[in-house]
Structure formats: structure tokens, C-alpha cells
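**Student:** My questions will all concern the structure given below.
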Amino acid sequence: MTSKQSHRKDEHVSLAEKFYQTESNSSFDQVRILHQSLPEMALSDVDATTRFNGKSMPFPVLIEAMTGGSPRTGQLNAQLAQLATQTNLPMAVGSQSVALKEPDQTASFEVVRQFDPDGLIFANVGAGHSFEDAKRVVEMIHADALQLHINVAQEIIMPEGDRDFYWLDQLAEIVAKLNVPVVIKEVGFGMTAKTVQKLMAIGVEYIDLSGRGGTSFAQIENFRRSQKEMNYLSEWGLTTVEALLEMRKLASRPQIFASGGIKTPLDAIKALALGADYVGMAGEILHHLISTDYEATLAWLTDWLGDFKLLMLLTGSKTLQDLRKQSLVFSPELASFAEQRFIS
Ligand code: FNR
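All residue numbers for the sequence shown refer to the UniProt record's numbering, where the first residue is 1 and numbers rise by one.
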């Protein structure tokens with residue numbers, strides 16, 4: 001017997017795949033990096049390494065929060081953890097709130113430690129949970145960090161969703177008291193500079209501004225509604241690129257994960273050139289796992305990481321810091337966004 005919440009986890013996976021778009025409709029097409037014909041470096045000079053909370057990472061790439069909470073999604077978590085360990089990438093599990101209510105679902109999250117015992121693993125739960133819950137989800141998988149997701153738009157579209165969004169006090173308590181870093185994360189609707197300022201005021205040091213352009217929870221939750229769809233919200237939120245531009249308004253910034261619509265290494269390179277410290281991929285990895293198999297997904301991801309280094313070479317970037325110095329050109333629509341938001 002699967003509970004309603006557990007069934008919802010399976011539905012999210014099938015609907016993310018149902019609405020997966022092969023063609024990139026992401027905001028990254030609105031940004032160009034200008035070609036340089038003389039990089040004056042070799043592939044062996046490329047250093048894509050970075051650090052998260054003192055731990056070294058070979059690439060600034062995270063396998064994003066997706067799943068867990070049912071037997072089927074437990075199997076997916078096991079595969080994601082194997083990918084993480086074989087590629088040395090960090091990974092996040094999906095929301096563990098189901099396991100707080102239904103202890104028999106904890107196995108679908110704990111499984112990640114079986115396959116990735118020493119990797120960098122992020123726990124995940126929604127804002128609105130208490131400090132005690134936050135501690136429990138971190139302990140459940142011996143996580144190195146916690147993602148707290150903020151998903152107002154998703155909840156609003158769900159008929160059974162929350163309608164009470166007093167979150168900041170609880171977020172502040174968790175950030176202050178938890179013994180691992182806390183990342184405040186959107187789920188595909190992006191964040192403005194103002195949101196990030198509010199988060200920084202309560203001590204937040206890491207954000208995941210997960211923007212529009214990839215997996216759409218507006219589309220997924222609208223499909224799950226049997227009536228009175230709010231389809232007019234399909235374009236709600238900021239694209240990932242718009243959210244990254246918003247961060248230019250801030251005098252000081254937290255560490256930034258950029259996710260939402262990252263499919264190719266070129267998308268990732270552009271996000272980093274726009275100021276992200278790390279990028280995250282969810283839907284694209286899930287699509288490969290579901291539409292091919294584990295071995296093919298591992299081969300694809302390994303190639304992806306190899307191509308990422310080739311693009312660093314193509315842009316003459318020896319380090320991730322060098323990516324920030326790229327000359328970028330924006331589409332007229334994006335330039336207009338920047339102008340209206342007073343971003344230079
Ligand atoms: C998600 N995402 C997500 N995020 C989160 O913080 N907690 C969660 O439980 C989930 N669940 C979830 C399920 C599935 C099936 C997908 C595809 C995604 C959101 C995810 O982490 C990411 O923010 C968005 O999907 C945008 O990135 P992509 O998919 O465009 O790469």
C-alpha cells in the first residue's frame with residue numbers, strides 16, 4: 001500500500017519525464033559567450049575543481065534534489081547515488097518530509113549512503129519544518145548539508161497545498177543552529193535580489209536560485225489538478241538567467257547554486273560566467289535514467305563532464321574564476337529585463 005504522499009513522489013517523476021523537452025527552451029539561449037580564437041592554453045591546464053564547505057569537488061556540478069519517498073523512487077535514489085559516486089559529483093535527495101511522517105519510507109533515502117558512503121550528500125526538506133525536523137533529515141542520511149526548499153508557487157497551484165507562508169523565523173533558527181551548511185533553494189521559479197537580501201539578513205550563506213526554463217512544477221501540479229487548472233501561471237517566476245542577473249544588484253552575495261533548465265555543458269558554462277558558483281541538474285539526469293539505462297546515463301554524464309572541460313578550453317578559462325571574465329552578449333529581451341531591473 002502506498003500512501004497519498006508516497007504516490008505523489010512517483011507522480012512527480014513520471015510527470016517530469018512526460019513534460020521533458022528535448023529542445024532546450026531555457027533562458028541560456030538568451031546569452032552568448034563570445035568566441036576567442038587564441039585561448040593560449042591546453043586541455044591539461046584546465047582546472048574545474050572547486051570546494052564546498054572545505055570539501056573538494058572535481059566539478060562545480062550538483063545532482064539536484066529529486067526523489068525518494070516510495071519504493072520506485074528509492075530505486076532511482078540508489079541509481080543517482082551510484083552516478084554520484086562514480087563521477088565524484090555531490091547529490092541531493094528529494095524532500096524527506098514523507099519519511100518524517102511515514103518511517104517505512106526512510107529506506108528510500110537512506111539507500112544513498114549505501115551506494116555513496118563517502119560522497120557529499122545534501123538532505124532536503126521544505127521550509128516550514130522545525131529545527132528538530134531539519135536535524136532528523138540530516139541525520140537520516142548523514143548529510144553534509146541541508147537544502148531547505150521554498151516553493152510558494154508550487155503550493156499555491158496544489159489544491160491541497162499550504163496557504164501559510166510565515167517561513168523566515170524558522171529558517172533563521174535552522175540556519176543558526178544546524179551543524180551543517182544550509183542552502184535555501186527554489187524549485188524552478190527563481191529568486192529576486194530582494195528575496196536573497198531577506199535570506200542574507202537571517203544569516204543564509206548558500207542559495208540555490210533554481211529558475212524557470214527546465215522542469216516546471218507549474219505544469220506538473222496543474223496536470224495533477226483534476227479541475228480549475230491555473231495554467232496561466234506557466235510562465236510565472238524568473239528564468240535561471242534572469243535570477244542570476246538579479247544577483248548583480250547585490251553588494252555582497254551568498255554562494256550561488258544555479259539550477260533550472262541546465263541541460264548541456266554550454267548552459268552550465270554560461271551560468272558560471274553569469275556569476276554562479278555551482279550549477280545543478282535535475283530533469284536532464286532523470287530523463288537519461290528513465291529513457292535509457294544506468295550504464296548509458298553514466299556514459300552520457302561522463303562525456304558531459306569531459307565536454308565541460310573542453311568548453312573551458314574553448315573559452316580560454318584555466319579556472320572557474322576565469323569563466324567570470326568572459327565577454328557576454330544578451331538577447332534584446334534579456335537586455336530589456338536587465339535595463340528595467342537597473343542591472344548594469
Ligand atoms: C524536483 N525538484 C525538487 N526540489 C526540491 O528542493 N525538493 C524536491 O523534493 C524536489 N523534487 C523534484 C522531483 C522531480 C521529479 C524533479 C525533476 C525535480 C526540483 C529540482 O531540484 C530543480 O530545482 C528543478 O527541477 C529545476 O531543475 P531542472 O530539472 O530544470 O534541472
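No residue lacks a Cβ here, since even glycine has one placed at the ideal position from N, Cα and C.
Looking at the secondary structure, which residues open and close the alpha helix (DSSP H) in which arginine 324 lies?
**Tutor:** Unbroken run through arginine 324: none, as it is neither H nor E.
**Student:** Can you list, in chain order, the residues of its chain whose CB lies under 8 angstroms from that of serine 336, leaving out five sequence neighbours each side?
**Tutor:** none
**Student:** Taking the beta strand (DSSP E) that glycine 126 falls in, what are its first and last residues?
**Tutor:** Boundaries of the beta strand (DSSP E) harbouring glycine 126: 121-126, taken from the DSSP string.
**Student:** In the DSSP assignment, what are the bridge partners of phenylalanine 52?
**Tutor:** Lys55
**Student:** Kindly list the residues whose CB is nearer than 7 angstroms to the CB of leucine 272, restricted to its own chain and excluding five residues on each side of it in sequence; keep chain order.
**Tutor:** Pro60, Val279, Leu320, Leu323
**Student:** Determine the closest residue to glycine 94 out of Leu334, Gln75, Ala218, with distance taken between C-alpha atoms.
**Tutor:** Gln75
**Student:** Determine whether the beta carbon atoms of isoleucine 262 and isoleucine 207 lie at a separation below 7 angstroms.
**Tutor:** No, these two residues do not count as a Cβ contact at 7 angstroms.
**Student:** Can you say whether threonine 302 is buried or exposed, counting buried as having 16 or more other CB atoms within 10 angstroms of its CB?
**Tutor:** exposed
**Student:** Taking glutamate 186 as the reference, give the member of Glu64, Asp293, Phe28 with the closest Cα.
**Tutor:** Comparing Cα-Cα distances from glutamate 186 to each of Glu64, Asp293, Phe28, the minimum goes to Glu64.
**Student:** Just checking, does the region 23-35 make contact with the region 223-242 on the three C-beta pairs under 8 angstroms criterion?
**Tutor:** yes
**Student:** Less than 7 angstroms between the C-beta atoms of leucine 314 and proline 265, yes or no?
**Tutor:** no
**Student:** With DSSP run on the structure shown, which of helix, strand or coil describes alanine 282?
**Tutor:** coil
**Student:** Buried or exposed: which applies to arginine 163, given that a residue is buried once 16 or more other Cβ atoms fall within 10 Å of its Cβ?
**Tutor:** exposed
**Student:** Which same chain residues end up closer than 8 angstroms to tryptophan 167 when comparing Cβ atoms and leaving out the 5 residues on each side of it in sequence?
**Tutor:** Ala127, Gly128, Ile150
**Student:** Alpha carbon to alpha carbon, what distance is there between aspartate 10 and arginine 72?
**Tutor:** 7 angstroms
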